[in-house]
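The block underneath contains the structure these notes are about, expressed in C-alpha cells.
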Amino acid sequence: MLPKPQIVNLPVYQPGKPIEEVKRELGLEEVIKLASNENPYGCSPKARAAIETELSNLSLYPDGSAAELTEVLAGHHGVNRDQIIFGCGSDEIIALITRAFFLPGDETIMADSTFSVYKSNADIEGAVSIEVPLQNGTHDLQAMLGEIGEKTKAVWICNPNNPTGTIVSNAELISFLDQVPANVLVVLDEAYAEYVTDPDYSNGIKLLSQYPNLIVLRTFSKIYGLASLRIGYGVGQPNVIKLINQVREPFNTSRIGQAAAKASVTDHAFVSECREKNREGIEYLYKQFDRMQLSYFPAHGNFIMVDVKSPAVEMFQSLLKLGIIVRSGFGKYPNHIRVTVGSAEQNAKFIAALEQVLSGQGARV
Ligand SMILES: *Cc1c(COP(=O)(O)O)cnc(C)c1O
Numbered sequence: 001m002l003p004k005p006q007i008v009n010l011p012v013y014q015p016g017k018p019i020e021e022v023k024r025e026l027g028l029e030e031v032i033k034l035a036s037n038e039n040p041y042g043c044s045p046k047a048r049a050a051i052e053t054e055l056s057n058l059s060l061y062p063d064g065s066a067a068e069l070t071e072v073l074a075g076h077h078g079v080n081r082d083q084i085i086f087g088c089g090s091d092e093i094i095a096l097i098t099r100a101f102f103l104p105g106d107e108t109i110m111a112d113s114t115f116s117v118y119k120s121n122a123d124i125e126g127a128v129s130i131e132v133p134l135q136n137g138t139h140d141l142q143a144m145l146g147e148i149g150e151k152t153k154a155v156w157i158c159n160p161n162n163p164t165g166t167i168v169s170n171a172e173l174i175s176f177l178d179q180v181p182a183n184v185l186v187v188l189d190e191a192y193a194e195y196v197t198d199p200d201y202s203n204g205i206k207l208l209s210q211y212p213n214l215i216v217l218r219t220f221s222k223i224y225g226l227a228s229l230r231i232g233y234g235v236g237q238p239n240v241i242k243l244i245n246q247v248r249e250p251f252n253t254s255r256i257g258q259a260a261a262k263a264s265v266t267d268h269a270f271v272s273e274c275r276e277k278n279r280e281g282i283e284y285l286y287k288q289f290d291r292m293q294l295s296y297f298p299a300h301g302n303f304i305m306v307d308v309k310s311p312a313v314e315m316f317q318s319l320l321k322l323g324i325i326v327r328s329g330f331g332k333y334p335n336h337i338r339v340t341v342g343s344a345e346q347n348a349k350f351i352a353a354l355e356q357v358l359s360g361q362g363a364r365v
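Residue numbering for the sequence shown follows UniProt numbering, beginning at 1 and increasing consecutively.
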C-alpha cells in the first residue's frame with residue numbers, strides 16, 4: 001500500500017487535552033479546560049430547545065444543502081443564499097478549499113504562527129506553504145504580499161489570529177486586498193469575529209462585494225458555544241462557493257447542528273452577553289498579568305497569549321498538575337502559553353495557579 005508521499009510524515013493534529021482524560025490520569029476532582037477557546041457559558045437556550053425538538057428526527061438524513069439555515073444566515077449577513085457553504089466545522093471548509101483549488105507544487109501563503117489547519121491541509125494536497133513571520137504577533141501583510149508569485153493559489157489571514165489574538169485593521173486589510181492579484185484566493189478566517197469590540201476591525205463579509213477573490217470563514221464553535229456539533233461556514237462569491245460545494249460530501253452537517261445553529265443566529269442577546277463577559281475577563285487577565293509583570297499580546301478573541309518567562313511546555317505541565325489545561329507548543333513562541341478566557345471564577349483559579357507555579361519556580365512575580 002503506497003500512500004501519497006506528502007502524507008507519510010504528517011503529524012496527527014494534537015487537540016487540547018480533554019477534561020475527562022486529565023481527571024482520570026491525575027485523579028483530580030476539578031479540572032478547568034482553557035485550551036480550546038470554548039465558550040464557558042455554553043450555548044443559547046434557544047439552541048438547546050431546537051436540539052430537543054430535533055431529537056425525534058434522528059433517523060432522518062439532514063438536508064444536505066442546509067436550506068433553512070442558509071436562508072436565516074443569508075438574511076443575517078445580507079448576502080445571497082448561493083454565497084454560503086456549510087462544513088463540519090470551519091475546519092472542513094479549510095479542507096474543502098484546498099481540495100477544490102490546490103495542486104501539488106502550488107504555493108500558499110500564511111503567517112507563522114497561525115492556525116495549523118491551513119498548513120496541514122496544504123501539505124495533504126502537496127502544496128507548498130510559505131510561512132511569513134508575524135510582526136509583534138500580528139500578520140505582516142506587506143511581507144505576505146511580497147511572497148505572492150506565479151504559483152500562489154491562496155493567502156490565509158486569520159483575523160483575530162490564533163494563537164496570538166491580534167487583529168489587522170480595516171485599513172491594512174483593504175490596502176492588502178487592493179494589491180492581491182485577482183487570481184489569488186484570499187481566505188479570511190474570522191472564527192472569533194463576534195468577540196471583537198475594536199472599532200478598527202473589519203467585518204470581512206461586508207468586503208465581499210468589492211473583492212471577488214475573497215472568502216470569509218465563520219463558525220458556530222466559538223461564541224455560539226456549539227463546538228461539539230461541528231458546524232461552520234464560508235461566505236464568498238457564488239462561483240467560488242459553487243466550486244467548493246462540488247467537492248463537499250453530501251451530508252457533511254447534521255440535523256442537530258443545523259437546527260441549533262439556526263436557533264442561535266437570532267439570539268443576539270446571548271451573543272452580546274458572551275462578548276461583554278469575555279471583555280471583562282480580558283480586562284481582568286490584563287490587570288493580573290500587569291501586576292505579575294508578564295507581557296501579553298492584545299487579545300481580540302476569547303483567548304490571550306502570555307509570556308510566562310519560562311519554557312511554556314513546563315508551565316503547561318505544572319498548570320496541568322493543578323487542574324488547569326492551557327495550550328503551549330507554539331514553535332516561534334517557546335515561552336508563551338495561550339489561555340482561553342473563562343468565566344470569572346475560572347479566570348481567578350487560573351491566575352492563582354499561575355502565581356503558584358511562578359513563585360515555586362523562583363521566577364520574578
Ligand atoms: C476554532 C477555529 C476554527 C474552526 O473551528 P471549527 O470548530 O472547525 O468550526 C477555525 N479557525 C480558527 C482560527 C479557529 O481558532
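All C-beta atoms in this analysis are idealised placements derived from N, C-alpha and C, irrespective of residue type, glycine included.
What does the alpha-carbon distance come out to for the pair P238 and Y41? If you take the alpha carbons of P238 and Y41, they lie about 35 Å apart.
Which full runs of the beta strand (DSSP E) of 3+ residues lie inside the stretch 271-320, going along the chain? Counting only runs that start and end inside the stretch 271-320, the beta strand (DSSP E) elements of at least 3 residues fall at 303-307.
Problem - Which of helix, strand or coil DSSP assigns to L208 - result: Assigned with DSSP and collapsed to three states, L208 falls in coil, not helix or strand.
Supposed close pair I167, H300 - CB separation, criterion 8 Å: With a beta-carbon spacing of about 5 Å, I167 and H300 fall inside the 8 Å limit used to define contacts.
Query raised in the report: Considering only C-alpha positions, which residue in the set P104, N39, Q246, I19 is nearest to E30?
Result: The shortest Cα separation from E30 among P104, N39, Q246, I19 belongs to I19.
- Let me know the alpha helix (DSSP H) ranges lying completely inside the stretch 10-60, each 4 residues or longer, listed in chain order. Inside the stretch 10-60, DSSP marks whole alpha helix (DSSP H) runs of 4 or more residues at positions 19-26, 45-54, from first to last along the chain.
Span separating the alpha-carbon of L10 from that of A269: The C-alpha of L10 lies about 42 Å from the C-alpha of A269.
heavy atom of ligand 1 below 6 Å from residue 379 C-beta: Residue 379 is absent from the structure shown; the chain starts at 1 and stops at 365.
According to DSSP, is E355 part of a helix, a strand, or is it coil? Of the three classes helix, strand and coil, the one that applies to E355 here is helix, per DSSP.
heavy atom of ligand 1 below 6 Å from S175 C-beta
The beta carbon of S175 sits no closer than 6 Å to any heavy atom of ligand 1.
Item to check | Distance between S254 and P104 (C-alpha atoms, nearest Å) | outcome: Distance between the alpha carbons of P104 and S254: 32 Å.
If you follow the alpha helix (DSSP H) that T70 is part of, which residue opens it and which one closes it?
For T70, the enclosing alpha helix (DSSP H) stretches over residues 67-77.
Report task. Specify whether the stretch 93-111 and the stretch 145-165 touch according to this definition: at least 3 beta carbon pairs, one from each stretch, less than 8 Å apart. Result -> Yes, they touch.
Contacting residues, own chain, Cβ-Cβ under 8 Å from G16 (five flanking each side not counted): Here the set comprises K33, A35, S36, I325, R327.
What number of angstroms, rounded off, separates the C-alpha of G126 from the C-alpha of G232?
Separation of G126 and G232 (C-alpha to C-alpha, rounded to the nearest whole angstrom) is 25 Å.
- Beta-carbon proximity of F176 to L141, cut-off 7 Å: If you check the CB distance, F176 and L141 come in under 7 Å.
inquiry  = Below 6 Å, is the gap between the Cβ of L299 and the nearest heavy atom of ligand 1?
reply    = Note on residue identity: the sequence assigns Ala, not Leu, to residue 299. No - ligand 1 has no heavy atom lying nearer than 6 Å to the Cβ of A299.
Label I7 either buried or exposed according to how many other C-beta atoms from any shown protein chain fall within 10 Å of its C-beta, with 16 as the threshold for buried. Here I7 is exposed. Its C-beta has fewer than 16 other C-beta atoms within 10 Å.
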